[in-house]
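*Asks:* Mind looking over this structure? Questions follow.
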Ligand code: G3P
Ligand code: MG
């Protein structure tokens with residue numbers, strides 16, 4: 001079962017920050033999930049629409065510039081990173097799962113991906129783009145047919161995994177609480193991988209293994225890897 005660091009190693013470091021991302025690289029995870037949002041002039045790595053919970057600032061991310069937001073402390077004196085900074089830090093050492101949080105213009109995003117591939121900072125195999133906004137994913141897949149798509153869901157859709165197959169997704173990312181044997185069997189027979197979020201406790205890790213899940217998003221990647229190695 002693959003281990004993805006959720007918002008970096010966010011159980012031990014401030015989420016979506018350089019320390020959380022670098023720790024995840026050092027642990028040698030299978031991938032790092034980060035949340036991508038637009039501010040006025042850049043792509044930033046931050047989960048919430050508002051700055052309040054994860055920084056000492058306040059206001060709405062999409063109403064401020066990168067310079068304004070990077071003045072705030074996102075934990076232990078660190079800044080909210082830009083997407084480009086994260087790509088530079090990881091430098092193609094592991095897969096990056098970009099979770100596109102809210103609808104924004106994807107043209108610049110496509111340029112950024114293609115530019116980093118040309119610069120060897122990313123490779124096609126090391127990119128996985130997910131979102132709860134399946135329209136965005138569909139648009140992206142049309143622009144970049146090679147891109148690996150992760151279809152996010154926090155529910156069991158009426159036609160099970162059919163929605164992800166229609167998107168041309170390679171994986172479904174589903175809330176662990178909605179996983180059952182029928183859903184996993186349906187996804188697998190459609191050729192889709194199933195990744196569950198957010199899985200931190202041993203009993204949940206064991207349950208995901210029992211369901212035949214292909215990977216987990218965890219806030220504690222080091223501990224999760226240790227548990228998996230011990231089973
Ligand atoms: O990408 C998996 C998971 O992160 C989706 O939910 O709210 O933690 O971004 P959230
Ligand atoms: Mg996320």
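Numbering (full-length UniProt numbering), first residue to last: 1 to 231.
We put the CB at the ideal spot given by N, CA and C, even for glycine.
This one's a predicted model, so the numbers in the text were calculated from it and none came from an experiment.
Just to confirm before moving on: does the CB-CB distance between residue 70 and residue 84 stay below 8 Å?
*Replies:* No.
*Asks:* In three-state DSSP terms, what is residue 51?
*Replies:* Coil, per DSSP.
*Asks:* Can you find a heavy atom of the ligand MG that lies under 7 Å from the Cβ of residue 26?
*Replies:* No, the Cβ of residue 26 stays beyond 7 Å of every heavy atom of the ligand MG.
*Asks:* Indicate whether residue 97 and residue 128 have their beta-carbon atoms separated by less than 8 Å.
*Replies:* Contact flag set, yes.
*Asks:* Should residue 137 and residue 149 be called a contact, given that it needs their Cβ atoms to be closer than 8 Å?
*Replies:* The answer is yes: Cβ separation under 8 Å.
*Asks:* What whole-angstrom Cβ distance do residue 135 and residue 152 have, given they're in contact under 8 Å?
*Replies:* No, residue 135 and residue 152 are not in contact; Cβ-Cβ is about 13 Å, not under 8 Å.
*Asks:* Under a Cβ-count criterion, where at least 16 other Cβ atoms within 10 Å of its own Cβ denotes burial, should residue 226 be classed as buried or exposed?
*Replies:* It is exposed - the Cβ of residue 226 has fewer than 16 other Cβ atoms within 10 Å.
*Asks:* Out of 117, 176 and 161, which one is the CA nearest neighbour of residue 169?
*Replies:* Nearest option by C-alpha distance: 161.
*Asks:* In three-state DSSP terms, what is residue 82?
*Replies:* In the structure shown, residue 82 sits in a strand (DSSP, three-state: E or B).
*Asks:* If you drop the 5 nearest sequence neighbours on each side, which residues of the same chain put their C-beta closer than 6 Å to that of residue 11?
*Replies:* Same-chain partners within the cutoff: 219 and 220.
*Asks:* Does the distance between the C-beta of residue 35 and the nearest non-hydrogen atom of the ligand MG fall short of 7 Å?
*Replies:* Indeed, a heavy atom of the ligand MG lies less than 7 Å from the Cβ.
*Asks:* Whole angstroms are fine: how far does the CA of residue 231 sit from the CA of residue 14?
*Replies:* Answer to the nearest angstrom: the Cα atoms are 29 Å apart.
*Asks:* Taking the beta carbon of residue 24 as the centre, do at least 16 other beta carbons fall within 10 Å, making it buried, or is it exposed?
*Replies:* So residue 24 counts as buried.
*Asks:* Is it the case that the CB of residue 99 approaches a heavy atom of the ligand MG more closely than 7 Å?
*Replies:* It does: the Cβ of residue 99 is within 7 Å (strictly closer) of some heavy atom of the ligand MG.
*Asks:* Out of 214, 17 and 164, which one is the CA nearest neighbour of residue 76?
*Replies:* Nearest of 214, 17 and 164 to residue 76, Cα basis: 17.
*Asks:* Span of the beta strand (DSSP E) holding residue 95?
*Replies:* Element bounds for residue 95: 95-100.
*Asks:* Mind checking residue 145: buried by the 16 CB within 10 Å criterion, or exposed?
*Replies:* So residue 145 ends up on the exposed side.
*Asks:* If you compare alpha carbons, which of 215, 205 and 21 is closest to residue 93?
*Replies:* The residue with the shortest Cα to Cα distance from residue 93 is 21.
*Asks:* Say the cut is 7 Å; is the CB of residue 152 nearer than that to a heavy atom of the ligand G3P?
*Replies:* Checking every heavy atom of the ligand G3P against the Cβ of residue 152, one is found closer than 7 Å.
*Asks:* Using only the alpha-carbon positions, how far apart do residue 36 and residue 229 sit?
*Replies:* Their Cα atoms are separated by approximately 31 Å.
*Asks:* Could you tell me whether any non-hydrogen atom of the ligand MG is closer than 7 Å to the CB of residue 102?
*Replies:* No, since every heavy atom of the ligand MG falls outside the 7 Å radius drawn around the Cβ of residue 102.
*Asks:* Secondary structure at residue 103, three-state DSSP: helix, strand or coil?
*Replies:* In the structure shown, residue 103 sits in coil (DSSP, three-state: anything other than H, G, I, E or B).
*Asks:* If we ignore side chains and look at the alpha-carbon of each, how far apart do residue 72 and residue 192 end up?
*Replies:* Roughly 40 Å between the two C-alpha positions.
*Asks:* Could you tell me the distance, in whole angstroms, from the CA atom of residue 74 to the CA atom of residue 58?
*Replies:* Those two C-alpha atoms are separated by around 11 Å.
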